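Protein chains in written order, with the numbering used here: chain H, 58 to 347; chain S, 246 to 494.
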């Protein structure tokens, strides 16, 4: 029984990472109707930046904030440079750009930082298990950081003028222009925010899975499964879906399929959701008038 | 018959709020406007009339650069043609598009906040209260999702959203569309009040010609992308042959 509770807790901890990346995916999906396949590799690259900063002696939290800022700027730049010219291009062109970005980011990460697996530091006390021994200090801390990120993102979208404008631009770009919202920049900010969220998720997961250029490949799959499960049109759904997938993955890995086949469960979830309820648990069914 | 250029002389002098010269517009290869010129006087209401497909909605879209456009457009004497839609809006052109452009997923409150998105002055609160004065329904529905409003309420919301920009010019596309006659009457009365009280010039596109001519001071009659008649609204109202052949009432 203790083992079971432990699996649930660490499932929630990794689920938080999936939730963050799922939110990043949904943010871009909502405004562009594209899934950014390079989201994970962008996050990996950001994690390498944080690693380099920390190795250079920058305090952990300063490095984390700086990484967020750098990743944000990179996200904005990518939207402006690569995606903006694709605004009116067919869907497949954007997919091509995403796959290109994925390959470029993986290669650049490996080229600059090397392919050897690195241990990534955690700022949390890992010596003593917390909450009656069920979670490690890092899992607890990472979950807390994730929750802070998710709540900040929620507050930003819910309570600020810019957040409202970004939501409006995603829902209705034409009307947004008619109230003076610079829609192109809102998309770029969305990319920046997604990249920043991904960066923090990367830094939180790196101490658990170790850092290498392919670190996020599996995580992106779980996150995508989480986003689909909760509903890719609903940010809250995606976040809950991310947590759920984390728990399902851990319990399934421990008791049902074994650790070797864990990633298969992400694919099973994706296929199951798309077959049974494509809009996800909380997502809206997209209706279009004929 | 008065032409568009004569119509300028009819106006009361001063720089008009909006002046369009030789406006052409096209959707892809399909040309919709073939060189039209018109003015909206300072503080005036200009009505664009015509049948379906005459180019009325396109004219409004051309003013906001929402369609491929050629020709000059001057807002208070300043060229605005060729600029991005959101920049034209920021110059003081509020557009209530056909279909009302409601942010259906957002609340009434958020819709109204978006109306004043570009403003940082302290009068926003007061302006919002004044909108409740014109449209008390919006206050009742303030926290409600805008998609749940009736057509008339959405029209009110669209007008309030546009006015919260504090525009120099209000472009209204078929405010009567799909609404019950009684509601239409109410909205037109309020539009007249808004024109005076908010000191905003209005360019009104309307199928319901008799209603539009009642509140407009100047009118243009469009037929397949060309202006076939223009003049003071009162004159057109009294011209029986025009009324019969073009306006159908």
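Just so you know, even glycine gets a beta-carbon here, dropped at the ideal spot from N, CA and C.
A quick note: this is a predicted structure, and the numbers were derived from the prediction, not measured.
Check                                                                                                                                                                              : Outcome
Does any residue of chain H have a CB that is nearer than 9 Å to the CB of residue 477 of chain S?                                                                                 : no
Can you find a C-beta in chain H that's less than 9 Å from the C-beta of residue 269 of chain S?                                                                                   : no
Which stretch, first to last residue, makes up the alpha helix (DSSP H) that contains residue 372 of chain S?                                                                      : 369-379
Under the DSSP definition of a beta bridge, which residues are partnered with residue 281 of chain S?                                                                              : S:268
Cα separation between residue 434 of chain S and residue 426 of chain S?                                                                                                           : 12 Å
Which chain S residues sit within Cβ distance under 8 Å of residue 222 of chain H?                                                                                                 : 359 and 362
What are the partner residues of residue 314 of chain S, as DSSP defines its beta bridges?                                                                                         : S:270
Does residue 465 of chain S come out as helix, strand or coil in the three-state DSSP assignment?                                                                                  : strand
Taking residue 251 of chain H and residue 84 of chain H to be in contact with their CB atoms under 8 Å, please state how far apart those CB atoms are, rounded to whole angstroms. : 5 Å
Measure the C-alpha to C-alpha separation of residue 301 of chain S and residue 295 of chain S and round it to an integer number of angstroms.                                     : 7 Å
Are the CB atoms of residue 327 of chain H and residue 285 of chain H nearer to each other than 9 Å?                                                                               : yes
Would you mind stating whether residue 123 of chain H and residue 115 of chain H have Cβ atoms separated by less than 9 Å?                                                         : yes
Roughly how many angstroms separate the alpha carbons of residue 317 of chain H and residue 76 of chain H, rounded to a whole number?                                              : 23 Å
Using a cut-off of 8 Å between C-beta atoms, extract the partners of residue 231 of chain H located in chain S.                                                                    : 311, 342 and 346
Give the secondary structure of residue 335 of chain S by DSSP, where H, G and I count as helix, E and B as strand, and everything else as coil.                                   : helix
In whole angstroms, what is the alpha-carbon distance linking residue 282 of chain H and residue 198 of chain H?                                                                   : 24 Å
Could you tell me which residues DSSP pairs with residue 474 of chain S in its beta bridges?                                                                                       : S:466
So residue 295 of chain H contacts chain S; which residues on that side make the cut at Cβ distance below 7 Å?                                                                     : Chain S residues near residue 295 of chain H: none, gap ~16 Å exceeds 7 Å.
Which residues share a DSSP beta bridge with residue 208 of chain S?                                                                                                               : Any question about residue 208 of chain S goes unanswered here, given that chain S covers just 246 to 494.
So, with DSSP's three-state summary, where would you put residue 294 of chain S?                                                                                                   : strand
Ignoring anything shorter than 4 residues or poking outside the region 217-280 of chain H, list the alpha helix (DSSP H) runs there in chain order.                                : 218-228, 230-235 and 240-266
Using the beta-carbon count (16 or more within 10 Å), is residue 374 of chain S buried or exposed?                                                                                 : exposed
Exposed or buried, which one is residue 339 of chain S when buried takes at least 16 other CB atoms within 10 Å?                                                                   : buried
Put residue 448 of chain S into one of helix, strand or coil per three-state DSSP.                                                                                                 : strand
Can you tell me whether residue 216 of chain H is buried or exposed, with buried defined as 16 or more other CB within 10 angstroms of its CB?                                     : exposed
In or out: residue 372 of chain S buried (at least 16 other Cβ within 10 Å) or exposed?                                                                                            : buried
May I have the straight-line CA-CA distance separating residue 325 of chain H from residue 234 of chain H, to the nearest angstrom?                                                : 41 Å
Note down, in chain order, every chain S residue with its Cβ under 7 Å from the Cβ of residue 211 of chain H.                                                                      : By Cβ distance, chain S contributes nothing, its closest Cβ being about 15 Å from residue 211 of chain H, past 7 Å.
Start and end of the alpha helix (DSSP H) containing residue 91 of chain H?                                                                                                        : From DSSP, residue 91 of chain H is part of no alpha helix (DSSP H); its letter is neither H nor E.
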